[in-house]
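Some notes on the structure that comes next.
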Amino acid sequence: MDDFLWWRDGVIYQIYPRSFSDSNGDGLGDLIGIVSHLDYLNDLGIDAIWLSPFQPTPDKDFGYDVSNYTAVDPRFGTLADFDRLVEGAHLRGMRIVLDLVLNHTSDQHAWFRESSSSQDNSKRDWYIWRECPNNWQASFGGSAWEYDPGTRQYYLHLFTKEQPDVNWRNPEVRKAMLDVFRFWLEHGVDGFRLDVFNAYFKDPDLPDNPPKFGLRAFDRQRHIHDIDQPEMIPFLNELRGLLDSYPERYAVGETYLAKLQKTISYCGEDKLHAAFSFDFTSNDLFFPWDPAWWMDQITRREEATNQASIWPTTVLSNHDLPRAASRYSRGEDDAQAKLAMSLLLTLRGTPFLYYGEEIAMRDISLKRGEILDPPGRKYWPIYKGRDGCRSPMQWNDKPFAGFSNTRPWLPVHPDYTRRNVAAQQADPDSMFNFTRNLLHLRKETPALRRGSFIPLKTPRGTLAYLRQTDDQCVLVRMNFRKSQVNIAQPAGEWRAVFTSAEGARGRLTPYEIQLFSKE
Ligand code: GLC
């Protein structure tokens with residue numbers, strides 16, 4: 070094969086460990102559960118697994134509040150289980166990407182327990198303590214400052230009050246964090262997803278953020294002092310030096326409050342390999358289904374990433390967003406989910422697939438009293454939180470969808486008797502087989518992995534583009550409408566390589582996707 074580079078040419082599959090597979094019957098997924106599905110993932114055709122946090126956590130933000138960075142939460146397994154997972158993945162040619170949540174710790178982390186024990190504790194300065202709060206807001210609601218009656222000062226938390234922000238300006242903190250990377254690199258980890266990395270550094274003077282128009286108090290200020298500080302770049306340089314001292318390691322950043330240009334500024338040969346710019350999901354309440362809007366977003370990011378020689382990332386779903394199939398599909402029909410999957414897998418950039426996306430899992434809906442996610446509890450009913458997209462993986466039609474033999478931590482979607490991996494594997498027209506076929510086609514088609522992106526003019530309601538390398542060209546055509554559209558036959562010697570429907574050259578049936586190739 071050509072010079073395949075796993076994080077650029079491959080597809081990364083995100084697992085939310087507590088919802089993937091429960092091997093020990095406690096209702097929570099675990100690492101051994103993942104190990105038992107490595108063959109499934111390999112057969113699906115993915116190249117790397119991103120694991121959401123599995124470190125010890127008091128679950129105030131379901132894993133994103135870590136109380137020990139270099140251990141495994143006993144509910145999810147042991148370090149030996151983790152080593153088995155890495156070994157099993159590597160044996161099958163798949164990489165492991167770890168989620169590191171280093172902007173804040175849990176308030177139960179030993180560092181914070183020490184820091185909050187007294188004003189003169191040696192770790193006091195490992196967190197951000199002040200006599201008086203400024204106007205900063207926590208993104209999960211309320212002031213970003215919490216008063217600690219014990220030591221009579223306020224500490225900063227950009228998320229829940231149980232997630233105190235660490236002080237990245239303290240050299241000891243910086244060293245301790247780099248040691249966390251080293252620890253996992255030594256355990257064979259291939260890459261990292263850095264949670265809200267661009268919030269690590271705050272303006273040292275902690276000035277008020279200026280006001281702007283917005284709905285929630287959090288949105289009514291411009292976040293210019295609490296994120297995106299210049300000190301971030303030298304740290305990324307240092308981190309990249311560490312990663313490059315191992316072969317083919319990778320780091321992708323979750324850009325908090327992402328703006329395309331800002332996101333790009335954090336990537337490069339001596340910075341991150343990639344960062345999420347969330348071009349298609351940046352407004353998490355509004356998801357347009359309009360090909361003109363998509364083309365506009367795509368061309369904007371094409372221009373910006375090409376100019377900066379940055380490899381883009383494509384994300385349609387993750388543990389923070391309503392699932393793509395819930396956003397775009399109507400009822401039980403997966404036609405629109407298939408179209409969204411085609412965009413994910415054929416645009417230029419590394420696709421990030423979210424567990425269950427391959428069977429078009431839908432969000433669960435919960436009653437108010439069942440909601441676990443802190444922002445959902447806070448903002449219900451305007452915003453119902455993120456539990457919806459975190460329900461257990463639907464493996465088969467057995468009780469609890471084959472995820473567990475006991476009641477899981479979140480309810481299984483009631484459609485699991487029809488919508489599950491086993492049923493879809495047996496159905497050639499299923500979302501699963503659609504996704505698997507497209508993943509395998511992508512693998513053997515350099516133009517789909519690496520080719521440049523060339524937009525084409527097409528009739529309203531449709532979207533078409535070329536992906537082109539020196540010796541191969543792929544034509545992608547999609548119909549976003551629920552009615553048939555006539556479209557010119559592609560001129561020249563095109564070979565049909567993939568379709569979701571009948572594949573006629575002069576028309577696209579409702580929501581049809583067609584791919585042609587030319588050598
Ligand atoms: C990131 C995570 C999200 C978490 C937050 C705080 O945005 O993706 O799940 O709640 O950071 O760690």
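Using the working numbering, the first residue of the sequence shown is number 70, and each one after it goes up by one.
Even for Gly, the Cβ is constructed at its ideal location relative to N, Cα and C.
As the structure is a prediction and not an experimental result, all values here were calculated from the model.
Which one or two residues does DSSP pair with residue i in a beta bridge?
| i | result |
| --- | --- |
| Phe-567 | Leu-584 |
| Ile-103 | In the DSSP output, where bridge partners are listed per residue, Ile-103 has none listed. |
| Phe-522 | Arg-536 |
| Trp-119 | Gln-83 and Val-166 |
| Pro-273 | Per DSSP, none; premise fails for Pro-273. |
| Ala-198 | Note that residue 198 corresponds to Trp in the displayed sequence, not to Ala. In DSSP, Trp-198 forms a bridge with Tyr-224. |
| Leu-254 | The partner list for Leu-254 (beta bridge, DSSP) is empty, contrary to what the question assumes. |
| Ser-212 | Gln-206 |
| Thr-383 | Pro-420 |
| Gln-124 | According to DSSP, Gln-124 bridges with nothing at all. |
| Gln-290 | Pro-280 |
| Asn-548 | Thr-531 |
| Arg-488 | DSSP, once it has assigned bridges, lists no residue as partnering Arg-488. |
| Phe-261 | Leu-167 and Ala-320 |
| Val-554 | Leu-577 |
| Asp-234 | His-173 |
| Asp-217 | Gln-222 |
| Cys-542 | Gln-537 and Lys-587 |
Please tell me whether residue i and residue j are closer than 8 Å, where the distance is taken between their beta carbons.
| i | j | result |
| --- | --- | --- |
| Thr-475 | Gly-98 | no |
| Val-170 | Trp-119 | no |
| Val-321 | His-342 | yes |
| Asn-306 | Lys-340 | yes |
| Ser-191 | Thr-220 | no |
| Leu-592 | Ala-158 | Residue 592 is absent from the model: the chain starts at 70 and stops at 588. |
| Asp-259 | Glu-317 | yes |
| Ser-121 | Asp-168 | yes |
| Phe-356 | Arg-396 | yes |
| Arg-161 | Asp-116 | no |
| Thr-504 | Glu-427 | yes |
| Arg-536 | Gln-558 | no |
| Met-462 | Phe-469 | no |
| Trp-380 | Gly-418 | yes |
| Tyr-423 | Asn-465 | no |
| His-226 | Asp-217 | no |
| Val-265 | Glu-215 | no |
| Arg-238 | Pro-202 | no |
| Tyr-319 | Leu-254 | no |
| Arg-529 | His-482 | no |
| Ser-175 | Pro-143 | no |
Spatial neighbours of residue i within its chain, please: C-beta separation below 7 Å, excluding the five flanking residues on both sides.
| i | result |
| --- | --- |
| Phe-347 | Ala-327 and Val-384 |
| Ile-582 | Lys-407, Leu-408, Ser-411, Met-547, Thr-568 and Ser-569 |
| Ala-373 | Leu-329, Gln-330 and Ile-333 |
| Tyr-534 | Phe-522, Ile-523, Pro-524, Leu-525 and Val-545 |
| Lys-281 | Arg-289, Gln-290 and Arg-291 |
| Gly-146 | Asp-99, Leu-100 and Ile-101 |
| Ser-105 | Ser-90 and Ser-92 |
Rounded to whole angstroms, how far is the Cβ of residue i from the Cβ of residue j, which I believe are closer than 8 Å?
| i | j | result |
| --- | --- | --- |
| Gln-232 | His-173 | 4 Å |
| Val-545 | Thr-531 | The Cβ separation is near 11 Å, so there is no contact. |
| Arg-519 | Asp-91 | So it is not a contact: roughly 38 Å between Cβ atoms. |
| Gly-114 | Lys-512 | 6 Å |
| Val-592 | Trp-195 | Here the chain covers residues 70 to 588 and nothing more, so residue 592 does not appear. |
| Ala-213 | Gln-206 | 6 Å |
| Ser-88 | Ser-434 | Actually they are not in contact, since the Cβ atoms of Ser-88 and Ser-434 sit about 16 Å apart, beyond 8 Å. |
| Arg-550 | Pro-579 | 6 Å |
Which residues in the same chain have their Cβ closer than 8 Å to the Cβ of residue i, if we skip the five residues on either side of it in sequence?
| i | result |
| --- | --- |
| Phe-151 | Leu-100, Phe-123, Val-141 and His-256 |
| Leu-247 | Glu-307, Leu-308 and Leu-311 |
| Pro-279 | Gln-290, Arg-291 and Ile-293 |
| Leu-510 | Leu-517, Val-566, Phe-567 and Leu-584 |
| Asn-506 | Phe-567 |
| Ile-440 | Arg-446, Trp-449, Lys-453, Gly-454 and Asp-456 |
Take residue i and list the residues in its own chain whose beta-carbon comes closer than 6 Å to its own, dropping the five residues that flank it on each side.
| i | result |
| --- | --- |
| Ala-429 | Ala-394, Asp-403, Ala-406 and Met-500 |
| Ser-188 | The amino acid at residue 188 is misidentified as Ser; the sequence shows Gln. Thr-220. |
| Pro-444 | Phe-209 and Gly-454 |
| Val-249 | Tyr-138 |
| Leu-413 | Thr-383, Leu-385 and Pro-420 |
| Glu-300 | Phe-270 |
| Ser-586 | Val-543, Arg-564 and Val-566 |
| task | For the segment 297 to 375, list the beta strand (DSSP E) runs that are entirely contained and at least 3 residues long, ordered along the chain. | result | 319 to 323 and 343 to 345
| query | Which ranges would you report for the alpha helix (DSSP H) in the segment 406 to 487 if only whole runs of at least 4 residues count? | reply | 443 to 448
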